[in-house]
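Below is one structure, written out as structure tokens, with a few remarks after it.
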Amino acid sequence: MNKVVVGAQWGDEGKAKITDLLAQDADLIIRYQGGCNAGHTVVVDNKTFKFHLIPSGILYGNKDCFIGAGTVILPEYFEEEVNGLIKDGIDVSRLKVSPLASITMPYHTEVDGFVESTATKGKIGTTKKGIGPTYTDKYARIGLKIQDLYSKETLSEKLDVILPIKNKTLEQVYGLKPYSKEQVLELCEKYAKIFEPYVCFEWQDLLEKSKDKTILFEGAQGVMLDVDYGTYPFVTSSNPIGGGAATGSGYGPKIIDEVVGVAKAYVTRVGEGPFVTELNDEIGNKIREIGYEYGVTTGRPRRCGWFDAVTMRYAVLVGGLTTIALTKVDVFDQFDEIKVCTAYKDTRNGKIYNSYPTDVYMHKYLEPVYESHQGWKSNITGIKNYNELPENCKKYLARLEELLGVPISIVSVGPDREQTIIK
Ligand code: GDP
Ligand code: IMO
Ligand code: MG
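In terms of this note's numbering, the sequence shown is residues 11 to 433.
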């Protein structure tokens, strides 16, 4: 069965843990969008691995891992990540990168950093990894792809078009330094070497031969950060939704059998943007400390809040989620009370929203309508069997299933690969 792992909230839901788990049964794992804005953690036998670009399935050593055309790659970051894995003794010989993936150039990170640090209004709180500017150039058709690095003629022709536009923007809009053609060619030579062992010009053969095998698609970020469906403009610049797996991988949508939405038992968010169930109080701090909610990529403290069934129902719809993996349930082990937001109320007129209102500028007027659940007050981190979970925990999970209309098929009770209950 071919599955997509999709973040169902604002990222950091524990996708990598679930990808690593499901990768056991897969032959090919494909990362389909995003770049090194992602921070993916896998814990195996007390050892922690942190990924940004490389599919977490690489840890098995015997699976093909493919970084697809929908991704954006910062070459130095990629190199650092690969070298880190090699140092840890991980076999990266089956890592393959699409020649169609986009390259994040230094001017992309410079622009991202500049915009973020000078914005007085409408700051997004990006990871400053050049994601937005790289995708902007891709869609403006002035981006560089990995394959360009291996053809002097193509690169030269493209740079003659790209650089005059780029330099004008860098200098006149941002007051940043322009790039000479020689400078960029030199960078590209370095990048060509970095990607050489991994670039897969035979990717069509790889996809063709894997069609009848088991494919796992690994998403980054989450539905609420999707550029089309998320809390725009406080989003990333790609499509983390299930549909993104088709465009970003090179396979059509019919190849997908199941879309596994990964959600935390509560909600976190890094960066700016609306967050109706956010808790700016002791409970929020308690969730952050117990759940260790700090960004993998930037180290920023994550904003924390109660589970939001309104955004989750929306994520089930637009994300195409067919089943849920609920993570971090153990974080509530010592809580007396657990709340779930079932609807939003407009404080201006009392209007109740059961469906997600997409004008996020109006979210400041919304307050969550909560229902309360009794905690289970026991340690569930060693439980392997669903039936052994405390009654209050099972009631909580059953209620979430009812609210979302899709089954929770995986319950995660700790960071380790082993701390997982398959229902
Ligand atoms: P991703 O970006 O969605 O892959 O998630 P991150 O790696 O950014 O953040 C998830 C964090 O939660 C990581 O530190 C994981 O090791 C940890 N984690 C994942 N599942 C669980 C769980 O069920 N319980 C606990 N306590 N931690 C978990
Ligand atoms: P994983 O894959 C959480 C957020 C940033 C910011 C917004 C735009 O680990 O879940 P960007 O740098 O992409 O232009 O930033 O998106 N963001 C993430 N938040 N997890 C991520 O990835 C994220 N990747 C980007 O904080 O709000
Ligand atoms: Mg993360």
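A virtual CB, placed ideally from N, CA and C, is assigned to each residue, including glycine. Quick caveat, the model's predicted, so the values are computed rather than measured.
- Item | Cβ-Cβ separation, Ser-161 to Asp-37 (assumed contact under 8 Å), whole Å | Contact flag wrong, Cβ pair sits at about 31 Å.
- Ile-175, DSSP secondary structure in three states: helix
- Measure from the alpha carbon of Glu-126 to the alpha carbon of each residue in Gly-253, Ile-141, Pro-207, then state which is nearest. Ile-141
- Task: On the DSSP bridge assignment, give the partners of Gly-44 in chain order.
- Result: Thr-81
- In angstroms, rounded to a whole number, what distance separates the CA positions of Asp-369 and Trp-316? 21 Å
- Item | Under the three-state DSSP convention, the category Lys-361 falls into | Reduced to three states, the DSSP call for Lys-361 is coil.
- Go ahead and pull the three-state DSSP assignment for Arg-279. Taken through DSSP and simplified to helix, strand or coil, Arg-279 comes out as strand.
- Item | beta strand (DSSP E) segment containing Trp-316, residue limits | It spans 313–318 - the beta strand (DSSP E) in which Trp-316 sits, taken as one unbroken run.
- Message: For the ligand GDP, I want to know if His-50 counts as a neighbour, meaning its beta carbon is within less than 7 Å of at least one of the ligand's heavy atoms.
- Response: yes
- Whether Thr-146 touches Thr-114 by CB criterion (8 Å): no
- Task: Look at Val-463 and Val-421 and say whether their C-beta atoms are less than 8 Å apart.
- Result: As shown, the chain starts at 11 and ends at 433. That puts residue 463 outside it, with no answer to give.
- Exposure label - Pro-263; buried when at least 16 CB within 10 Å: Classification of Pro-263: exposed, given that the 10 Å Cβ count is below 16.
- Message: Please state the DSSP three-state secondary structure of Pro-378.
- Response: strand
- Message: Could you check whether Ala-202 and Lys-155 sit closer than 8 Å to each other, using their CB atoms as the reference points?
- Response: no
- Alpha carbon to alpha carbon, what distance is there between Tyr-189 and Gln-19? 38 Å
- Message: Helix, strand or coil, according to DSSP, for Val-194 in the structure here?
- Response: helix
- Taking just the CA atoms, how far does Glu-181 sit from Asn-389? C-alpha separation (whole angstroms): 58 Å.
- Measuring CA to CA, which of Pro-367, Tyr-239, Ala-26 is closest to Lys-274? The shortest C-alpha separation from Lys-274 is found at Ala-26.
- Sub-8 Å separation of Thr-307 and Asn-47 beta-carbons: A contact, by the Cβ cut-off of 8 Å.
- In the DSSP assignment, find the beta strand (DSSP E) that holds Phe-124 and state where it starts and stops. Element bounds for Phe-124: not the beta strand (DSSP E) but the alpha helix (DSSP H), 116–128.
- Note the first and the last residue of the continuous alpha helix (DSSP H) segment covering Lys-27. 25–33
- Can you find a heavy atom of the ligand GDP that lies under 7 Å from the Cβ of Gln-182? With a threshold of 7 Å, the Cβ atom of Gln-182 does not count as near the ligand GDP, since no heavy atom of the ligand is closer than that.
- Item | Of the listed residues Gly-415, Tyr-184, Val-350, nearest to Tyr-324 (C-alpha basis) | Gly-415
- Item | Contact test: Gln-231 Cβ vs the ligand IMO heavy atom, cutoff 7 Å | It does: the Cβ of Gln-231 is within 7 Å (strictly closer) of some heavy atom of the ligand IMO.
- Task: Spell out the partners DSSP gives Asp-74 in its beta bridges.
- Result: Leu-38
- Query: Three-state secondary structure (DSSP) at Val-300?
  - Reply: According to the sequence shown, residue 300 is Ile rather than Val. DSSP places Ile-300 in helix when its eight states are reduced to three.
- Message: I believe Tyr-406 touches Lys-433 by the beta-carbon criterion, under 8 Å. Please report the beta-carbon distance rounded to the nearest angstrom.
- Response: Approximately 14 Å separates the beta-carbon atoms of Tyr-406 and Lys-433; this is outside 8 Å, ruling out the contact.
- Task: Please name the residue, chosen from Thr-257, Gly-240, Ile-225, that lies closest to Asp-267 on a Cα-to-Cα basis.
- Result: Ile-225
- Query: Should Leu-63 be listed as close to the ligand IMO, given that the test is whether its C-beta is under 7 Å from any heavy atom?
  - Reply: no
- Query: Should Phe-244 be counted as a contact of the ligand IMO given a C-beta to heavy atom distance under 7 Å?
  - Reply: yes
- Give the DSSP-derived three-state secondary structure of Phe-61 in the structure shown. strand
- CA-CA distance, Val-320 and Ile-418? 17 Å
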